[in-house]
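Below: the structure, in structure tokens.
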Amino acid sequence: MTPTRARILDAAERLLRTIGLARATTKEIARAAGCSEAALYKHFRNKEDIFVRVLEERLPKLGPLLAELTEHPGERDMTENLTEIARRAAEFYASSVPIIAALYAEPTLLKRHNEGLREINAGPRRPLDGLAGYLRAERAAGRLRPDADCDSAAALLLGACCQRAFLLSTDESEPPLAEFAADLARTVLRGIG
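Under the working numbering, residues 1262 to 1454 are what the sequence shown spells out, in order.
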């Protein structure tokens, strides 16, 4: 039998994709997982904690790649690194945008959700800070211009990946992911390399 924590995350991911974060209550998640709400709280502090764990454990991962690259600047080709970052970020945003979109229609829920994310040191700033940190490490290794604005470059790359997710959600035609990621990486690197 699947452990309770895994069942809760499976149920939460299904509900987040089908009814959205705003309507997925802890009671609804527990019911879909086949457990009590008390069992849910043995594994997670609150709904925001569940949401963050779904994002971290069930969606494409960007954090570990950024941490690895930051620890070893100068060891791999920068264009390949930025291409892989862009690919993973685009996959992450394509998977997460449908889950979080409903939050923006509910200002009270959005405020509560953001407060919950701050309590557990999570949120959209983490990948942005991680990418900027990686770029600063490459700059310190002499692989980027000394005046490269790493924070702006990180925002441009991740912003483009997020924009692609929004366009895909409206059935806009977008280039294949591999092409998009490679083109984006080359463009950003031209600006800061």
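Every residue gets a Cβ at the ideal spot worked out from N, C-alpha and C, and that includes glycine. Bear in mind the structure is a predicted one, so any value in this text is a computation, not a measurement.
Ile-1290 and Asp-1432 have their alpha carbons spaced roughly 29 Å apart. Counting only runs that start and end inside the region 1374-1447, the alpha helix (DSSP H) elements of at least 4 residues fall at 1386-1401, 1411-1430. Comparing C-alpha distances from Arg-1266 to each of Met-1339, Cys-1296, Glu-1317 shows the shortest one belongs to Cys-1296. For Leu-1370, same chain residues with a beta-carbon under 8 Å away, outside a window of 5 residues either side, are Leu-1282, Ala-1283, Leu-1364 in chain order. For Met-1339, the three-state secondary structure derived from DSSP is helix. Non-local beta-carbon contacts of Glu-1336 in its own chain, meaning distances under 7 Å to residues more than five positions away in sequence, are absent. Judged by their CB atoms, Ala-1446 and Leu-1343 are nearer to each other than the 8 Å cut-off. Straight-line measurement puts the Cα of Val-1313 at about 13 Å from the Cα of Pro-1388. For His-1333, there is no enclosing alpha helix (DSSP H), since its DSSP letter is neither H nor E. The Cβ atoms of Leu-1429 and Val-1449 do not sit closer than 8 Å to each other.
By the neighbour-count criterion, in which a residue is buried when 16 or more other Cβ atoms sit within 10 angstroms of its Cβ, Phe-1427 is exposed. Around the beta carbon of Met-1339, 16 or more other beta carbons lie within 10 angstroms, which makes this residue buried.
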